[in-house]
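As they're listed, the protein sequences go chains A and B.
In this text, residue positions in the first sequence follow our numbering: the first is -1, and each later residue adds one.
In this text, residue positions in the second sequence follow our numbering: the first is 98, and each later residue adds one.
Cβ atoms here follow ideal geometry from the backbone N, Cα and C, with glycine treated the same way.
Computed from a prediction, not measured in an experiment: that's the story for all the values here.
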Amino acid sequence: MDLISKYLPYILAGISVGGQYALIAIGYTMVYGILRLINFAHGDIFMAAGLIMIYLAATMPLAIALPFVIIITVFIGFAVERVAYKPLRTAPRMSVMISAIGVSYLIQNLALYVTGGLAKTYPSIPWISDTIKIFGSTTKRVTVITPILTVVLIAALVLLIKTTKIGMAMRAVSKDFDTSQLMGIKINTVISVTFIIGTFLAAVGSLLYFSNYTAIVPTSGAMPGLKAFVAAVFGGIGSIPGAVIGAFIIGICENIIKSGGSSWTTFSDAFTFVLLIVILFVKPTGLFGEKATDKV
Amino acid sequence: MKTNNKKNSLLTIFILIGVFVLVFVLEQILPANAMLFTVLQKGVIYALVAVSMNLLNGFTGLFSLGQAGFMLIGAYCYGIFTIPVLERASVYQYFDGGIIKFALPVPIALILAGLAAAVFAALIGIPVLRLKSDYLAIATLGFAEIIRAIFQWDKLGPVTNGSNLLRKFPSFNDFNITDANGAVIIRMSTLVPFIIVGICVLIIVLLINSSYGRAFKAIRDDEVAAEAMGINLFKHKEMSFVISSFFAGVGGALLAMYQMTIQASAFKSNMTYEILLVVVIGGIGSVTGSCIGSFLFIACSEWWLRGLDSGTFLGINAPVIFRSGFRKVVFAVIIMAIVLFYRKGLMGENEFSAYGIRNFFLRIFNKKKGEAKK
């Protein structure tokens, strides 16, 4: 019982963070599945959603601000794809990755300029920021909501991919880019929809993630972004359930490490990468990844 | 052709000597705190790191993002071994003066910094280099983060000073020749880093032009074909990785000298991204491009575009727009433009040859002569 009361807060926090990572990781895994691109800018778009929330919440009531945050973030994700990735569709993969790094650099610097380099306080969203008690440990309500919301959103997403026409197109494009083009699938629409879904989930994730933190700085998005990407790789890139499971594992593990005391806190970030490297050697395709073969 | 090559390298040597002399003379004439020296010192360090990254990304085709990690190893290795014994108590104030009770001379520490990074690269190269393109990128990025976490670990505090600063080690200013009272007689604080980097880049260029370098390029262009031609893929990849890391380590040590302090938290993945962007600006696969790119990058970010941050730029005074951080935004937009529309960078895969410069000057000279005749 002692053990439970000691570790429960950490595990709860881990599940919550894991759910938030899962929402970001889906953006990575879907984009990689279709474009074979590590979208380095995804974590920064996630941070930008947080900043937009701060600025909008200061000027309008929360009920209006929330949908606006999501709409603006989705638009940014869409615009980034159109401006920075679409012109490079036939370029080597390295160029697209460099372009993604460039976008990440641009968004971070833009955020630095807009905020003036100061940490901005995140507004507390009523109800989800309230503290509640579970099994004797106090936590914010967002901790409980996150996993539930994550599961609901992902179920909806899986349904979308499995049953709708655009979902079928997505599956086709991720299987074979060129052939699906020949079959009359509008590649650009499919890619845009992928980015829109990815950034939508990242925006929701950002609302949940940052309500656990007091402030945002321009580099706030980099670490969660990288961790979510690792989660996507861990679960097998391109696989949505894989990304979700990977995200929960990373979230829980890093919080358990944090419970080990202050000298271990520096390793809570490094642990993620240890996990990444281990999985890349043991099973490079991840838990649920498809086996890829190189053709000459 | 052969004589042309000889002439070419001879001219290159002359131009390089000219650059060194120019730097030396400028240093004696201009005040020591001139912006030019900041740009030259930082630029030359970035040039070394960018060239080392280019060796890996541009010439061997290994997309690695671990440069900041290797720089961190180099910087720490240099700092740890060169802090004077007398100063150790004050630097390691939370760790009883640290456990290392000696100080090495600067040149040995620089080589040691490179070697430490190279050894580490050799170790992680064995598993990492089996991975392909973007997996390699993310794995090296991960290793860089792990290195950073290890150096910040407070259990290692007696060696690395935990998350506290390392300082008081010899910096570039210690290269100045001083008289007994400490007054500077001859300034060397910019020339010496130029010479160190010059030697390092020369080694890299010689390597690239050797048969190993040709093997690297073959691997870059087509791995399968290179293997079929009898090139040992792993051996050459590992070699490129280790050598690149060695020079990244030396670059890290030089950066530590330039900054006069070392803190692990500064060597984030953003640093790697910046260096990668320098390489892209200069042209992936061009050594001279990387050098020019880094000087341009540093000059723009430290000097020429400063006005964008402080209110007045090109005579336009608009404090509302030109405030802190705008410089970096403009900069990022320029970089994006290069990445999108000018994918080859400044130099593409070409080199800036002395012959080209000579022809260029001859043309100007002839033109002038022609004008004078009129």
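Proximity test, Cβ basis, 8 angstroms: residue i and chain A
i: Tyr232 (chain B); result: yes
i: Lys99 (chain B); result: Caution applies to Lys99 (chain B), whose pLDDT of 49 falls short of 50 and renders its modelled position unreliable; the value that the coordinates give is listed next. It does not: the Cβ of Lys99 (chain B) has no partner Cβ on chain A nearer than 8 angstroms.
i: Met150 (chain B); result: no
i: Leu159 (chain B); result: no
i: Val375 (chain B); result: no
i: Ile432 (chain B); result: yes
i: Pro224 (chain B); result: yes
i: Ser366 (chain B); result: yes
i: Tyr191 (chain B); result: no
i: Ala218 (chain B); result: no
Pairwise C-alpha distance: residue j and residue i
i: Asn154 (chain B); j: Gly258 (chain A); result: 39 angstroms
i: Leu220 (chain B); j: Ile50 (chain A); result: 44 angstroms
i: Asp267 (chain A); j: Ile24 (chain A); result: 20 angstroms
i: Ile52 (chain A); j: Val339 (chain B); result: 46 angstroms
i: Ile301 (chain B); j: Ile395 (chain B); result: 22 angstroms
i: Lys139 (chain B); j: Glu446 (chain B); result: 24 angstroms
i: Gly176 (chain B); j: Ser342 (chain B); result: 18 angstroms
i: Val289 (chain B); j: Thr135 (chain B); result: 14 angstroms
i: Ala315 (chain B); j: Phe156 (chain B); result: 9 angstroms
i: Ile132 (chain A); j: Pro124 (chain A); result: 19 angstroms
i: Thr369 (chain B); j: Ser362 (chain B); result: 13 angstroms
i: Lys99 (chain B); j: Ile432 (chain B); result: Because the pLDDT of Lys99 (chain B) is 49, which lies under 50, any placement of that residue in the model is unreliable, and the question is left without a value.
i: Val294 (chain A); j: Asp231 (chain B); result: Annotation note: pLDDT 48 at Val294 (chain A) (below 50); position unreliable, no value reported.
i: Ala117 (chain A); j: Leu108 (chain A); result: 14 angstroms
i: Asp292 (chain A); j: Asp318 (chain B); result: The pLDDT assigned to Asp292 (chain A) is 49, lower than 50, so where the model puts this residue is not dependable, and the model offers no usable value.
i: Leu46 (chain B); j: Phe344 (chain B); result: Limits of chain B in this structure are 98 at one end and 471 at the other, which puts residue 46 (chain B) out of reach.
i: Val15 (chain A); j: Leu278 (chain A); result: 23 angstroms
i: Lys173 (chain A); j: Phe286 (chain A); result: 15 angstroms
i: Asp300 (chain A); j: Met95 (chain A); result: With chain A represented from -1 up to 294, any question about residue 300 (chain A) goes unanswered, as that position is not in the structure.
i: Ile90 (chain B); j: Cys388 (chain B); result: Nothing can be reported for residue 90 (chain B), as the shown portion of chain B is limited to 98 through 471.
i: Cys297 (chain B); j: Ile244 (chain B); result: 24 angstroms
i: Met166 (chain A); j: Val427 (chain B); result: 41 angstroms
Within-8 angstroms CB hit, residue i to chain B
i: Phe246 (chain A); result: no
i: Gly100 (chain A); result: yes
i: Arg87 (chain A); result: no
i: Asp267 (chain A); result: yes
i: Ile96 (chain A); result: yes
i: Ser127 (chain A); result: no
i: Ile9 (chain A); result: no
i: Ile43 (chain A); result: no
i: Val231 (chain A); result: yes
i: Gly114 (chain A); result: yes
i: Tyr26 (chain A); result: no
i: Val294 (chain A); result: Unreliable positioning characterises Val294 (chain A) in this predicted model, as indicated by a pLDDT of 48, which lies under 50. A coordinate reading is not provided.
Neighbouring residues, chain B, relative to residue i (Cβ below 9 angstroms)
i: Pro282 (chain A); result: Arg227, Leu228, Lys229 and Tyr232
i: Tyr120 (chain A); result: Residues of chain B passing the Cβ test: none, with the nearest at roughly 20 angstroms.
i: Tyr103 (chain A); result: Asn367, Tyr370, Glu371, Leu374, Lys425, Phe428, Ala429, Ile432 and Met433
i: Ala61 (chain A); result: Neighbours of Ala61 (chain A) on chain B: none; closest Cβ ~32 angstroms, over 9 angstroms.
i: Ala220 (chain A); result: Lys365, Ser366 and Asn367
Status (buried if at least 16 other CB within 10 Å, exposed otherwise) for residue i
i: Val122 (chain B); result: exposed
i: Gly114 (chain A); result: exposed
i: Asn329 (chain B); result: exposed
i: Pro181 (chain B); result: exposed
i: Arg460 (chain B); result: exposed
i: Lys334 (chain B); result: buried
i: Ile305 (chain B); result: buried
i: Tyr143 (chain B); result: buried
Under 8 angstroms by beta carbon: chain A residues contacting residue i
i: Ala236 (chain B); result: Leu274, Ile275 and Leu278
8 angstroms Cβ cut-off: residues of chain B touching residue i
i: Ser93 (chain A); result: Val436 and Arg440
i: Phe227 (chain A); result: Ile235
i: Tyr111 (chain A); result: Arg420, Ser421, Gly422, Phe423, Lys425 and Val426
i: Asn107 (chain A); result: Gly422, Lys425, Val426, Phe428 and Ala429
i: Ile36 (chain A); result: Asp231, Ala234 and Ile235
Minimum C-alpha distance to residue i - residue among the options
i: Lys332 (chain B); options: B:Val376, B:Gly310 and B:Val375; result: B:Gly310
i: Ile474 (chain B); options: B:Gln125, B:Ala434, B:Leu113 and B:Glu371; result: Past the edges of chain B, shown from 98 to 471, lies residue 474 (chain B), and the structure says nothing about it.
i: Gly100 (chain A); options: B:Asp231, B:Asn367 and B:Met357; result: B:Asn367
i: Leu238 (chain B); options: A:Ala201, A:Val202, A:Met58 and A:Leu224; result: A:Leu224
i: Ala245 (chain A); options: A:Pro145, A:Leu108 and A:Leu86; result: A:Pro145
i: Val384 (chain B); options: B:Ser268, B:Leu299 and B:Phe199; result: B:Leu299
i: Leu212 (chain B); options: B:Arg227, B:Gly195 and B:Leu169; result: B:Leu169
i: Gly346 (chain B); options: B:Ala218, B:Ile114 and B:Lys265; result: B:Ala218
Chain A residues whose Cβ lies nearer than 7 angstroms to that of residue i
i: Ile243 (chain B); result: Ala268, Phe271 and Val272
i: Gly239 (chain B); result: Phe271, Leu274 and Ile275
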